[in-house]
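Reading through the structure tokens given below for one structure.
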Amino acid sequence: MRRGALLVAGLAAIAAAQADVSKQRASVLDNLLLHDCGSCHGLTLRGGLGPALTADMMQARPAQALVAAIRDGIPGSAMPPWGELLAEEDIDYLVRRLREEVKP
Amino acid sequence: MRNLLVILLLLGLAACASTRGTGDLGVVIERASGAVMVVTTTDPARLSGVEGLGDLSHASVVFSRDQRFAYVFGRDGGLTKIDLLNSSIERRVMQSGNSIGGAISQDGRLVAVSNYTPGGVKVFDAETLELIADIPATPLPSGKRSKVVGLVDAPGQRFVFSLFDSDEIWVADFRNRAQPQIRKYLNIGRQPYDGLITPDGRYYIAGLFGEDGLALLDLWQLDRGVKRILDGYGRGEQKLPVYKMPHLEGWAVAGDHAFLPAVGRHEVLVVDRRDWREVGRIPVHGQPVFVMARPDQRQVWVNFAHPRNDTVQVIDVHTLKLVRTLTPGPAVMHMEFTPRGEHVWISVRDGDRVAVYDTESFQRVAQMPARRPSGIFFAARAQRIGL
Numbered sequence: 017m018r019r020g021a022l023l024v025a026g027l028a029a030i031a032a033a034q035a036d037v038s039k040q041r042a043s044v045l046d047n048l049l050l051h052d053c054g055s056c057h058g059l060t061l062r063g064g065l066g067p068a069l070t071a072d073m074m075q076a077r078p079a080q081a082l083v084a085a086i087r088d089g090i091p092g093s094a095m096p097p098w099g100e101l102l103a104e105e106d107i108d109y110l111v112r113r114l115r116e117e118v119k120p
Numbered sequence: 073m074r075n076l077l078v079i080l081l082l083l084g085l086a087a088c089a090s091t092r093g094t095g096d097l098g099v100v101i102e103r104a105s106g107a108v109m110v111v112t113t114t115d116p117a118r119l120s121g122v123e124g125l126g127d128l129s130h131a132s133v134v135f136s137r138d139q140r141f142a143y144v145f146g147r148d149g150g151l152t153k154i155d156l157l158n159s160s161i162e163r164r165v166m167q168s169g170n171s172i173g174g175a176i177s178q179d180g181r182l183v184a185v186s187n188y189t190p191g192g193v194k195v196f197d198a199e200t201l202e203l204i205a206d207i208p209a210t211p212l213p214s215g216k217r218s219k220v221v222g223l224v225d226a227p228g229q230r231f232v233f234s235l236f237d238s239d240e241i242w243v244a245d246f247r248n249r250a251q252p253q254i255r256k257y258l259n260i261g262r263q264p265y266d267g268l269i270t271p272d273g274r275y276y277i278a279g280l281f282g283e284d285g286l287a288l289l290d291l292w293q294l295d296r297g298v299k300r301i302l303d304g305y306g307r308g309e310q311k312l313p314v315y316k317m318p319h320l321e322g323w324a325v326a327g328d329h330a331f332l333p334a335v336g337r338h339e340v341l342v343v344d345r346r347d348w349r350e351v352g353r354i355p356v357h358g359q360p361v362f363v364m365a366r367p368d369q370r371q372v373w374v375n376f377a378h379p380r381n382d383t384v385q386v387i388d389v390h391t392l393k394l395v396r397t398l399t400p401g402p403a404v405m406h407m408e409f410t411p412r413g414e415h416v417w418i419s420v421r422d423g424d425r426v427a428v429y430d431t432e433s434f435q436r437v438a439q440m441p442a443r444r445p446s447g448i449f450f451a452a453r454a455q456r457i458g459l
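Sequence order for the protein chains is G and Z.
Each residue of the first sequence is one higher than the last, beginning at 17 in the working numbering.
Each residue of the second sequence is one higher than the last, beginning at 73 in the working numbering.
Printed below as a string of structure tokens:
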């Protein structure tokens, strides 16, 4: 299980490695995660209108599922699709941040 | 003896120096730093700061009716009572895991907090912050309880609020604080996301996220139940993704019209206050978050959701037309008018500043640094129903 998750994470990492976000972009995304995702998930990501997105919870989910949730949103819920605003590598970066594979 | 006299004299002087009213004070939330700034609207300027308030994303504030104390409701469930005169924390309790807002009762003696986890409302003694009542929200199939939103105070020592996950409005009557009476309205519409009360305290309105429309409760005629207004206002149109929930605090009623944010649309909805029918829609720059009337009700100011949130627009109530577009800076979070409306304070979160504009000339008259500011709340709210 853990292995599978690692493998998927590895694939995401490869995709991201092809066009990794710049340092500047990373800081924009960190701010987005803190404040704009935080407006629903809480500044500390411990939940609000949206569920908590703590690192252990995020590590327990396949990275691709998280990428899909962020890109396409979750229909019927308040989770909006971010695909129009964020590039694929932005979303990969956010997922790695949520899983604490990268630090701000 | 002589020494004593000198001491008394000095004490007297010290007291004089700190004597001032609090009616022109306010607080600005610095969300990422867990701090608030205490400000004066007369100068306008920052007076001092108070630190150590926890997670303040989405924090809101109400004031004691003597306007000396601010109650800050933090996202992490912290409820903090701040002394504006001494810029100090008077009392602080962690009352839940996750909260969203609060209200102060008609008589100023009760403070209510609406919570996400565990979902419900808790009511505290405003003086001591001792718990007086715990009202758990409706349990859901998941085992959790519904999140509570849109909590306001209403005349008759009541609190009114909405249940996001179970589609309800509840009215809690605290005339007997030991035995609150709760009246529940079911099936009011899908996913109420926030609520407001008209300035006269008569109508409670919940905005719906799960469908197009709003739910209206006439608090003068509770037996009539909840009525749907602006039902299906966007029928047949594709909704845009909503990157930030609109807020209904700061009811914009002006003359015969009320102004409301459309969910998932670049529009402000205008309704007739007498029959609650749609009168028109005003196309605006983005999805509205706050739609607020200047205290004299001549103008309505609107800010917008991510990613179009560097802009503020002003609607002239007389002509229902946009008269001004301002760009205060990145991530405009909130606006607050001075009590009689000559100025509006605007928090520019990602610009790390608060900007003050003259509402007639639209010129910026002051600016002050602030760390990721969000909500701005002035003590004049203490005397207004529903704030």
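Ideal placement from N, C-alpha and C gives every residue a C-beta, glycine not left out.
When DSSP states are grouped into helix, strand and coil, alanine 334 (chain Z) belongs to the coil group.
Within the segment 84-124 of chain Z, no run of alpha helix (DSSP H) at least 4 residues long lies entirely inside it. Looking only at Z:Val426, Z:Glu123, Z:Ala175 and Z:Gly146, the smallest Cα-Cα distance to alanine 198 (chain Z) is reached by Z:Ala175. Along the segment 227-247 of chain Z, there is no position whose C-beta sits under 7 Å from a C-beta of chain G.
For aspartate 225 (chain Z), the enclosing beta strand (DSSP E) has its first and last residue at 220-226. Within 7 Å of the CB of arginine 77 (chain G), no CB atom of chain Z is found; the nearest one sits about 17 Å away. In the DSSP assignment, arginine 380 (chain Z) falls outside any beta strand (DSSP E), carrying neither H nor E. At a cut-off of 9 Å between beta carbons, glutamine 263 (chain Z) contacts chain G.
Across the set Z:Val144, Z:Ile241 and Z:Thr112, the C-alpha of Z:Val144 shows the shortest separation from the C-alpha of glycine 126 (chain Z). With fewer than 16 other CB atoms across the displayed protein chains lying within 10 angstroms of its CB, lysine 256 (chain Z) is exposed. Ranking Z:Leu312, Z:Ser129 and Z:Gly95 by CA distance to the CA of arginine 103 (chain Z) puts Z:Ser129 first.
DSSP places glutamine 455 (chain Z) within a helical segment (H, G or I) once states are collapsed to three. Counting along the chain, serine 160 (chain Z) sits inside the beta strand (DSSP E) bounded by residues 160-166.
Residues of chain G whose Cβ lies closer than 9 Å to the Cβ of threonine 383 (chain Z) do not exist, since the nearest Cβ in that chain is about 16 Å away.
At least one beta carbon of chain Z lies nearer than 9 Å to the beta carbon of threonine 60 (chain G). Per the C-alpha coordinates, the member of G:Gly58, G:Leu45 and G:Arg77 positioned closest to tryptophan 98 (chain G) is G:Leu45. Taking C-beta atoms as the reference points, aspartate 206 (chain Z) and valine 224 (chain Z) fail to come closer than 9 Å.
Counting only runs of at least 4 residues, the segment 78-107 of chain G fully encloses the following alpha helix (DSSP H) elements, listed from N- to C-terminal order: 79-88.
Three or more beta-carbon pairs drawn from the segment 80-94 of chain G and the segment 107-120 of chain G are found closer than 8 Å, and the two stretches are therefore classed as touching. Taking CB atoms only, leucine 128 (chain Z) has a neighbour in chain G less than 9 Å away. The three-state secondary structure of arginine 366 (chain Z), taken from DSSP, is coil.
A distance below 7 Å between beta-carbons, with the five flanking residues on each side excluded, links threonine 70 (chain G) to the following residues of its chain, in chain order: Leu61 and Arg62. With a threshold of 9 Å between beta carbons, glycine 169 (chain Z) makes contact with chain G.
Here the segment 318-328 of chain Z lies against the segment 337-351 of chain Z, with 3 or more beta-carbon pairs under 8 Å apart. In this structure, DSSP gives histidine 130 (chain Z) a state outside helix and strand, which the three-state scheme calls coil.
Following the DSSP letters along the chain, one finds arginine 425 (chain Z) inside the beta strand (DSSP E) bounded by residues 425-430.
By the C-beta density criterion, glycine 304 (chain Z) is exposed, having fewer than 16 other C-beta atoms within 10 angstroms. Alanine 334 (chain Z) is outside the set of residues whose beta carbon lies under 9 Å from a beta carbon in chain G. Separation of arginine 217 (chain Z) and threonine 431 (chain Z) (C-alpha to C-alpha, rounded to the nearest whole angstrom) is 43 Å. Under the three-state reduction of DSSP, serine 214 (chain Z) is assigned to coil, being neither helix nor strand.
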